[in-house]
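Colleague: Have a look at this one before I ask anything.
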Amino acid sequence: MILVCCIWAGFCTWISSLVRIENSYAWGLAGYTALIIVITIQPEPLLTPQFAVERCSEIVIGIVCAIMADLLFSPRSIKQEVDRELESLLVAQYQLMQLCIKHGDGEVVDKAWGDLVRRTTALQGMRSNLNMESSRWARANRRLKAINTLSLTLITQSCETYLIQNTRPELITDTFREFFDTPVETAQDVHKQLKRLRRVIAWTGERETPVTIYSWVAAATRYQLLKRGVISNTKINATEEEILQGEPEVKVESAERHHAMVNFWRTTLSCILGTLFWLWTGWTSGSGAMVMIAVVTSLAMRLPNPRMVAIDFIYGTLAALPLGLLYFLVIIPNTQQSMLLLCISLAVLGFFLGIEVQKRRLGSMGALASTINIIVLDNPMTFHFSQFLDSALGQIVGCVLAFTVILLVRDKSRDRTGRVLLNQFVSAAVSAMTTKCGTS
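In the working numbering, the protein residues as written are 7 to 446.
Set out below in structure tokens:
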């Protein structure tokens with residue numbers, strides 16, 4: 007049964023490496039929670055249903071508390087940030103087209119469009135946060151989905167304008183070169199320039215206008231219209247609805263399939279190794295080591311640098327030993343008679359360690375989780391020092407075993423993932439350009 011749970015934890019880690027980042031933690035949680043339940047019920051298998059319900063209830067209560075704390079201490083909406091980024095992104099798109107028409111240094115252009123791709127991706131993440139914030143942003147969410155595609159289209163047309171000039175520079179006439187020489191600083195400047203540019207295109211005629219510039223202006227106009235709708239959050243009118251229906255959402259397969267398989271083997275092998283170590287030694291805290299192996303590998307695998315996450319947990323479990331000792335022997339015995347004092351003492355621990363986690367201090371994340379874990383809060387509270395020490399040492403051993411497996415199972419998928427991403431981007435860019443040229 008434990009072997010099946012080890013494979014299940016690896017499978018969940020594999021899935022979490024492929025899905026979107028906001029859904030990945032749910033799969034990781036499903037993997038190591040099942041393993042924790044099976045490990046814990048080994049002495050008393052008949053209590054499995056009761057413990058499973060209790061464990062899942064603890065998780066739900068913890069998530070609800072986290073949501074309530076987030077709503078209480080983070081009342082500011084992300085909507086204003088989205089509005090500002092939409093304005094700034096439009097200016098950056100216009101400035102990228104200026105760079106491409108000037109046909110200057112390729113490295114400068116590469117850096118500019120790379121930054122825009124990252125900002126477009128970040129805006130998509132902000133859209134997800136806005137969507138979870140409140141149902142009243144549903145209309146803005148629809149517009150932002152289309153804006154994501156339009157932003158990628160603008161980048162594509164700008165880069166194509168640059169590439170065309172490598173072989174046929176005469177396609178970009180002096181009229182457009184002089185027009186794009188005018189600097190812009192704000193979204194209002196871009197709005198004025200786009201109005202003038204549409205008049206220039208109407209005067210020169212569609213046939214005399216390079217198709218990339220013509221398509222870029224059309225996409226920028228649609229972007230501008232949807233941007234106003236996002237900022238005002240008004241009802242979607244007929245023109246906007248037509249744009250929303252005509253903008254296909256860009257969906258691509260995950261580029262991390264090989265990386266996900268590496269994560270599967272890392273999690274599965276580390277859990278199996280921990281099981282063998284537990285059964286071979288017969289150590290009473292082998293189950294604690296197993297729990298830490300599952301948690302570390304499930305959490306670390308989805309992050310960009312799993313090795314550093316494992317090191318964070320090793321440092322954290324080492325720091326949790328003296329910190330947990332202080333709470334276990336001094337603070338909790340002297341405060342458990344008063345619920346208020348007990349809550350304050352634990353809140354102080356969470357407050358200061360939480361600040362260190364936000365500062366990304368090495369070891370802080372592992373210290374916060376490990377300290378709470380080895381204290382083993384219960385009602386009524388019992389103080390068995392040998393059990394505390396076994397639990398603390400089990401955590402350290404589990405983190406070291408997980409770190410060892412991460413080092414042994416090397417991940418060489420970075421180059422492969424980069425090639426897949428490049429192929430997907432080029433394919434999406436050509437597809438977007440072809441679609442826009444056809445509809446224009």
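Ideal Cβ positions, reconstructed from N, Cα and C, are used throughout, including at glycine.
(1) Can you tell me where the alpha helix (DSSP H) holding K365 begins and where it ends?
(2) In its own chain, which residues sit with a C-beta less than 8 Å from the C-beta of V406, not counting the 5 before and 5 after it?
(3) In angstroms, rounded to a whole number, what distance separates the CA positions of S30 and V223?
(4) Would you decide whether F79 is buried or exposed? Buried here means 16 or more other CB atoms lie within 10 Å of its CB.
(5) Is F409 buried or exposed, if buried means 16 or more other CB atoms sit within 10 Å of its CB?
(6) So, under 8 Å CB-CB, V411 and S276 are touching, yes? Tell me the CB distance rounded to an integer number of Å.
(7) Taking the alpha-carbon positions, what's the H265 to R416 distance?
(8) Could you tell me whether the region 328 to 343 touches the region 62 to 76, where touching means 3 or more Cβ pairs closer than 8 Å?
(9) For T179, which of helix, strand or coil comes out of DSSP?
(10) Given a cut-off of 7 Å, decide if L231 and R149 are closer than it, judged by their beta-carbon atoms.
(11) When the distance is taken between beta carbons, is Q401 closer than 7 Å to T287?
(12) If you reduce the DSSP assignment to three classes, tell me which class I13 lands in.
(13) Which same chain residues end up closer than 8 Å to A15 when comparing Cβ atoms and leaving out the 5 residues on each side of it in sequence?
(14) Ignoring anything shorter than 4 residues, give me the alpha helix (DSSP H) runs that lie fully in the region 74 to 126, in order along the chain.
(15) Would you list, in sequence order, the uninterrupted alpha helix (DSSP H) runs of no fewer than 4 residues that lie entirely inside the region 270 to 354?
(16) Please identify the residue among Q364, P189, A375, A98 whose C-alpha is closest to the C-alpha of V123.
(17) Quick check on the burial criterion: 16 or more other C-beta atoms within 10 angstroms. Buried or exposed for K85?
(18) Sort L96, M103, I338 by Cα distance to I219 and report the nearest one.
(19) Looking at the structure shown, is M132 part of a helix, part of a strand, or coil, going by DSSP?
(20) Check the C-beta distance from N311 over to T19 and give it rounded, since I have them as a contact under 8 Å.
(21) How big is the Cα-Cα spacing for A32 and D121?
(22) Does the beta-carbon distance from I237 to D89 come in below 7 Å?
(23) Use the C-beta contact count for S446: other C-beta atoms within 10 angstroms, 16 or more gives buried, fewer gives exposed.
(24) Between which residues of its own chain and A353 is the CB-CB distance below 7 Å, once the five residues before and five after are set aside?
(25) Where does L199 sit, in a helix, a strand or coil, going by DSSP?
(26) Where do the N-terminal and C-terminal ends of the alpha helix (DSSP H) with V236 fall, by residue?
(27) Identify, in the order they occur along the chain, each residue of the same chain with its Cβ nearer than 8 Å to the Cβ of T126, setting aside the five sequence neighbours on each side.
(28) Just the C-alpha distance for L399 and Q342, rounded to the nearest angstrom, thanks.
(29) What residue range is occupied by the uninterrupted alpha helix (DSSP H) comprising I213?
(30) Just verifying my parser: in three-state terms, what is the DSSP assignment at T167?
(31) What is the rounded straight-line gap between the Cα of Q199 and the Cα of E176?
(32) Taking only three categories from DSSP, how would you classify E191?
(33) What is the residue span of the alpha helix (DSSP H) that V406 lies within?
(34) Where do the N-terminal and C-terminal ends of the alpha helix (DSSP H) with T388 fall, by residue?
(35) Along the alpha helix (DSSP H) that carries S370, what are the first and last residues, could you check?
Modeller: To lay it out plainly:
(1) Position 359 of the sequence shown, counted from the first residue, corresponds to residue 365. Here K365 belongs to no alpha helix (DSSP H), and DSSP marks it neither H nor E.
(2) On the sequence shown, residue 406 is found 400 positions in, with the first residue counted as 1. The residues are I320.
(3) Start at 1 with the first residue of the sequence shown, and residue 30 comes out as number 24. Start at 1 with the first residue of the sequence shown, and residue 223 comes out as number 217. So the alpha carbons of these two residues sit roughly 38 Å apart.
(4) Numbered from its first residue, the sequence shown carries residue 79 at position 73. The residue in question, F79, is exposed, as its Cβ has fewer than 16 Cβ neighbours within 10 Å.
(5) The sequence position of residue 409 within the sequence shown is 403, counting from 1. Classification for F409: buried.
(6) Position 405 of the sequence shown holds residue 411. Position 270 of the sequence shown holds residue 276. Right, their Cβ atoms sit about 4 Å apart.
(7) Working through the sequence shown from its first residue, we reach residue 265 at position 259. Working through the sequence shown from its first residue, we reach residue 416 at position 410. Each residue's Cα considered, the two are about 10 Å apart.
(8) no
(9) Translated into positions along the sequence shown, residue 179 becomes position 173. Of the three classes helix, strand and coil, the one that applies to T179 here is coil, per DSSP.
(10) As a first step, residue 149 is located in the sequence shown; it is residue number 143 there, counting from the start. As a first step, residue 231 is located in the sequence shown; it is residue number 225 there, counting from the start. No, Cβ-Cβ distance for R149 and L231 is not below 7 Å.
(11) Looking up residue 287 in the sequence shown gives position 281. Looking up residue 401 in the sequence shown gives position 395. Cβ distance not < 7 Å, so T287 and Q401 don't count as in contact.
(12) On the sequence shown, residue 13 is found 7 positions in, with the first residue counted as 1. I13: helix per DSSP, three-state reduction.
(13) As a position in the sequence shown, residue 15 is number 9, starting the count at 1. The answer, listed in chain order, is G37, Y38, A40, L41, T273, T274, C277, A300, T303, S304.
(14) 85 to 108
(15) 292 to 306, 312 to 332, 338 to 341
(16) As a working mapping, residue 123 is identified with position 117 in the sequence shown. Of the listed residues, the one whose Cα sits closest to V123 is A98.
(17) Position 79 of the sequence shown holds residue 85. It counts as buried.
(18) Translated into positions along the sequence shown, residue 219 becomes position 213. Considering only alpha carbons, the answer is M103.
(19) Here the question's residue 132 lines up with position 126 in the sequence shown. M132 falls in the helix class under three-state DSSP.
(20) Locating residue 311 in the sequence shown gives position 305, where the first residue counts as 1. Locating residue 19 in the sequence shown gives position 13, where the first residue counts as 1. At roughly 16 Å, the Cβ-Cβ gap does not stay under 8 Å, so N311 and T19 are not in contact.
(21) Position 26 of the sequence shown, counting from 1, holds the residue named residue 32. Position 115 of the sequence shown, counting from 1, holds the residue named residue 121. Spanning the two alpha carbons is a distance of roughly 30 Å.
(22) Taking the sequence shown and counting its residues from 1, the one referred to as residue 237 is at position 231. Taking the sequence shown and counting its residues from 1, the one referred to as residue 89 is at position 83. Cβ distance < 7 Å, so I237 and D89 count as in contact.
(23) As a position in the sequence shown, residue 446 is number 440, starting the count at 1. Here the model assigns S446 a pLDDT of 44, short of 50, so the residue's position is not dependable, and the following value carries that caveat. Counting Cβ neighbours within 10 Å, S446 comes out exposed, since fewer than 16 surround it.
(24) Taking the sequence shown and counting its residues from 1, one reaches residue 353 at position 347. Contacts found: none.
(25) Against the sequence shown, residue 199 aligns to sequence position 193. A small correction: the amino acid at residue 199 is Gln; Leu does not occupy that position in the sequence shown. If DSSP states are grouped into helix, strand and coil, Q199 belongs with the helices.
(26) Within the sequence shown, residue 236 is the residue found at index 230, counting from 1. Note, V236: alpha helix (DSSP H), 217 to 238.
(27) Taking the first residue of the sequence shown as 1, we reach residue 126 at position 120. Cβ neighbours of T126 beyond the five flanking positions: L95, N154, S157, L158, I161.
(28) By 1-based counting over the sequence shown, the position of residue 399 is 393. By 1-based counting over the sequence shown, the position of residue 342 is 336. Cα to Cα, L399 sits roughly 25 Å from Q342.
(29) Indexing the sequence shown from 1 puts residue 213 at position 207. The question names Ile, yet the displayed sequence has Arg at residue 213. Premise fails: R213 is in no alpha helix (DSSP H) and is neither H nor E.
(30) On the sequence shown, residue 167 is found 161 positions in, with the first residue counted as 1. DSSP places T167 in helix when its eight states are reduced to three.
(31) In the sequence shown, residue 199 corresponds to position 193, counting from 1. In the sequence shown, residue 176 corresponds to position 170, counting from 1. Answer to the nearest angstrom: the Cα atoms are 23 Å apart.
(32) For this step, residue 191 is matched to residue 185 along the sequence shown. It is coil, neither helix nor strand.
(33) One-based indexing of the sequence shown puts residue 406 at position 400. Where V406 is concerned, the enclosing alpha helix (DSSP H) stretches over 391 to 414.
(34) Stepping through the sequence shown from its first residue, residue 388 is reached at position 382. Premise fails: T388 is in no alpha helix (DSSP H) and is neither H nor E.
(35) Numbered from its first residue, the sequence shown carries residue 370 at position 364. Run containing S370: 370 to 381, per the alpha helix (DSSP H) assignment.
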